[in-house]
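Peer 1: Let me give you the structure first, and then I'll get to my questions.
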Amino acid sequence: MHTALKSARSILILLCVVFTTPALSNQSTLLVLGDSLSAAYGVPSETAWVELLKEKLANNGYKQWQVVNASISGETTDGGARRLPGLLEKHSPDVVIIELGGNDGLRGFPPNVIESNLASMISQAKDSGALTILVGMQIPPNYGQRYTSMFADIFPKLSDQYDTELVPFFLDGVYDQEGLMQDDGIHPTVEAQPILLNNVWPVLEPILH
Numbered sequence: 001m002h003t004a005l006k007s008a009r010s011i012l013i014l015l016c017v018v019f020t021t022p023a024l025s026n027q028s029t030l031l032v033l034g035d036s037l038s039a040a041y042g043v044p045s046e047t048a049w050v051e052l053l054k055e056k057l058a059n060n061g062y063k064q065w066q067v068v069n070a071s072i073s074g075e076t077t078d079g080g081a082r083r084l085p086g087l088l089e090k091h092s093p094d095v096v097i098i099e100l101g102g103n104d105g106l107r108g109f110p111p112n113v114i115e116s117n118l119a120s121m122i123s124q125a126k127d128s129g130a131l132t133i134l135v136g137m138q139i140p141p142n143y144g145q146r147y148t149s150m151f152a153d154i155f156p157k158l159s160d161q162y163d164t165e166l167v168p169f170f171l172d173g174v175y176d177q178e179g180l181m182q183d184d185g186i187h188p189t190v191e192a193q194p195i196l197l198n199n200v201w202p203v204l205e206p207i208l209h
């Protein structure tokens, strides 16, 4: 009798393991590697576009996706390239959103250096098996037409070269609209955060399936 009970208990435990393991393996991770535009600079953290993304995923049938926001205010492409290997190892993301380059441009870094750093990050993400979304940026025209054009061209060039997804311009519909930029003229306001998400979502959503 005791032997039969032990056998039944063993079978029950085995069944629990078998039927609960797939639920764990279905968990997917999205890593956001960005700068202050994704790190909630100047806005309440719960209103930032990455937090809105978490809500949108949960409300649109993508509850298996967890979002890791590894964005840091002031981050450059060099810093991102140095941090990414550790992030990939720790989180094993299925999708990586690279939102970097703005600080490099505002500091006048050479376009070829920015391009090289972004290319390194894309390669690292792809080598890890993650799908990659590159978020395009532009800088103000006062940096000169030649530099601003070279900077803006980096993103579609890399997207074509590495066959990665591209958000054409992260601040589209934001940077030139009244009330959507903070007083510094660089960072979006609370009201702009849903627009930032809407600029990313059409590119992101098709690859979540």
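Taking the UniProt record's numbering, the leading residue of the sequence shown gets 1, the next gets one more, and so forth.
No residue lacks a Cβ here, since even glycine has one placed at the ideal position from N, Cα and C.
Please read these numbers as outputs of a predicted model, since none were measured by experiment.
1. What residues in its chain sit with their C-beta under 6 Å from that of residue 216, if we drop five residues either side in the sequence?
2. Can residue 68 and residue 133 be called in contact, C-beta distance under 9 Å?
3. Specify, as a first and last residue, the run of the beta strand (DSSP E) that residue 55 falls within.
4. To the nearest whole angstrom, what separates the beta carbons of residue 98 and residue 135, a pair I think is in contact under 8 Å?
5. Roughly how many angstroms separate the alpha carbons of residue 31 and residue 88, rounded to a whole number?
6. I need the boundaries of the alpha helix (DSSP H) containing residue 74, first residue and last residue.
7. Rounded to whole angstroms, what's the CA-CA distance from residue 54 to residue 175? Just pull it up for me.
8. Measuring CA to CA, which of 28, 164 and 158 is closest to residue 113?
9. Sorted by chain position, which residues of the same chain lie with C-beta nearer than 6 Å to residue 76's C-beta, five sequence neighbours on each side aside?
10. Tell me the DSSP secondary structure of residue 178 in three-state form.
11. What whole-angstrom Cβ distance do residue 199 and residue 167 have, given they're in contact under 8 Å?
12. By how many angstroms is the C-alpha of residue 57 removed from the C-alpha of residue 46?
13. Run the CB neighbour count on residue 93, radius 10 Å, all protein chains shown included, and call it buried at 16 or more, exposed below.
14. Any idea if residue 161 is buried or exposed, counting beta-carbon neighbours within 10 angstroms, 16 or more meaning buried?
15. Taking only the alpha-carbon atoms, compute the straight-line gap between residue 33 and residue 74 and give it to the nearest angstrom.
16. So who's on the other strand from residue 28, going by DSSP bridges?
Peer 2: The structure says:
1. Because the chain in this structure spans residues 1 to 209, residue 216 falls outside the shown range and cannot be described.
2. No Cβ-Cβ contact shorter than 9 Å links residue 68 with residue 133.
3. For residue 55, there is no enclosing beta strand (DSSP E); the enclosing alpha helix (DSSP H) covers residues 49-59.
4. The C-beta distance from residue 98 to residue 135 rounds to 6 Å, short enough to fall under 8 Å.
5. Taking the CA atoms as reference points, residue 31 sits about 9 Å from residue 88.
6. Residue 74 -> no alpha helix (DSSP H), and no H or E assigned at all.
7. Rounded to the nearest angstrom, the two C-alpha atoms are 24 Å apart.
8. Closest by alpha carbon: 158.
9. The beta carbon of residue 76 sits closer than 6 Å to the beta carbons of 103 and 104 from its chain, once the five residues preceding and following it are set aside; these are given in chain order.
10. Per DSSP, reduced to three states, the secondary structure at residue 178 is coil, with no helix or strand assignment.
11. About 6 Å separates the two Cβ atoms, so the contact holds.
12. Roughly 15 Å separates the two Cα atoms.
13. Buried, since its Cβ has 16 or more Cβ neighbours within 10 Å.
14. Using a 10 angstroms sphere on the CB of residue 161, the tally of other CB atoms stays under 16, which defines it as exposed.
15. For residue 33 and residue 74, the distance between alpha carbons rounds to 12 Å.
16. Residue pairing by DSSP places residue 28 opposite 65 in a beta bridge.
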